[in-house]
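Going by our numbering, the residue at position 76 of the sequence shown is 76; the numbering climbs one at a time, nothing skipped. All C-beta atoms, glycine included, are put in the ideal place defined by N, C-alpha and C.
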Amino acid sequence: MMNFRIAALVCFFPLILPALLADEPKQPTPTHIDISYGPDVRNVIDFWKADAAGARPVIIYIHGGAWWTGDKSKKGPEIQPFLDRGISFATINYRLTSEYPLPAPVHDAARAIQFLRSRSAEWMIDERRIALTGPSAGACTSMWLLLHDDMADPDSNDPILRLSTRVCAAAVSVGQTSIDPKVIEGWL
Numbered sequence: 001m002m003n004f005r006i007a008a009l010v011c012f013f014p015l016i017l018p019a020l021l022a023d024e025p026k027q028p029t030p031t032h033i034d035i036s037y038g039p040d041v042r043n044v045i046d047f048w049k050a051d052a053a054g055a056r057p058v059i060i061y062i063h064g065g066a067w068w069t070g071d072k073s074k075k076g077p078e079i080q081p082f083l084d085r086g087i088s089f090a091t092i093n094y095r096l097t098s099e100y101p102l103p104a105p106v107h108d109a110a111r112a113i114q115f116l117r118s119r120s121a122e123w124m125i126d127e128r129r130i131a132l133t134g135p136s137a138g139a140c141t142s143m144w145l146l147l148h149d150d151m152a153d154p155d156s157n158d159p160i161l162r163l164s165t166r167v168c169a170a171a172v173s174v175g176q177t178s179i180d181p182k183v184i185e186g187w188l
């Protein structure tokens, strides 16, 4: 049995070696980098404006990392194919649960949606076509926001918080389906 494993490794390794050594695809330079969307130092967004006429749909990428690690600068989806199709793109950082318990990261993502709406005229964003994507914690956050009631607070003193958190779609992978700590505890 050991000989089979060694033989399989010897045969398989050359096939995956190029992928292991390959550089990540070079991402285009963001139109706006590290723009603050909220009060915390981690509340920053990068935005790539699609080069197309009129207001454009936007996809917001929410990184994974179980809400306690991760960063928007780490490997995410290739952005250029979206831009080539007239879809703007954004990536966000959020507060991590090592310092702020749930639902802080999820609420940060909601505020990022509201922030983009506040910049819709300047950044040419179609407010009706904001979608979310991400893996793991980013997937859970995306699904939660897609299915949650609108979190807009029309009485807020903060004009950004008065804006809608509604999105039109979410495309996710490997996302847990709850942010209830009692449910999550059972998974660990």
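Task: Option nearest Thr189 by Cα separation, candidates Pro159, Gln176, Ala171 and Asp150 - done: The structure shown does not extend to residue 189, since the chain spans only 1 to 188, so no value can be given for it.
- [ ] Tell me whether Cys168 is buried or exposed, calling it buried when 16 or more other Cβ atoms sit within 10 Å of its Cβ.
- [x] When all chains shown are included, Cys168 counts as exposed.
Open item on the list: Using a Cβ-Cβ cutoff of less than 6 Å, which residues in the same chain neighbour Pro39 once the five nearest sequence positions on both sides are dropped?
Closed with: Contacts found: none.
Task: Proximity winner among Arg129, Met124, Ile79 and Lys72, relative to Ala52 (alpha-carbon distances) - done: Ranking the options by Cα distance to Ala52, first place goes to Met124.
TODO: Figure out for me which residue from Glu127, Glu185, Trp67 and Ile130 has the closest Cα to the Cα of His107.
DONE: Ranked by how close their Cα comes to the Cα of His107, the residues Glu127, Glu185, Trp67 and Ile130 have Trp67 in first place.
- [ ] For Gln27, I'd like the list of residues in its chain whose CB is within less than 6 Å of its CB, leaving aside the five on either flank, ordered along the chain.
- [x] Cβ neighbours of Gln27 beyond the five flanking positions: Ile79.
TODO: Provide the residue(s) that pair with Val44 in DSSP beta bridges, ordered along the chain.
DONE: BP columns for Val44 point to Ser36.
- [ ] Following the continuous alpha helix (DSSP H) through Asp126, name the residue where it begins and the one where it ends.
- [x] Counting along the chain, Asp126 sits inside no alpha helix (DSSP H); it lies in the beta strand (DSSP E) bounded by residues Ile125 to Pro135.
Open item on the list: Buried or exposed for Asn157, going by 16 or more other Cβ atoms inside 10 Å?
Closed with: It is exposed - the Cβ of Asn157 has fewer than 16 other Cβ atoms within 10 Å.
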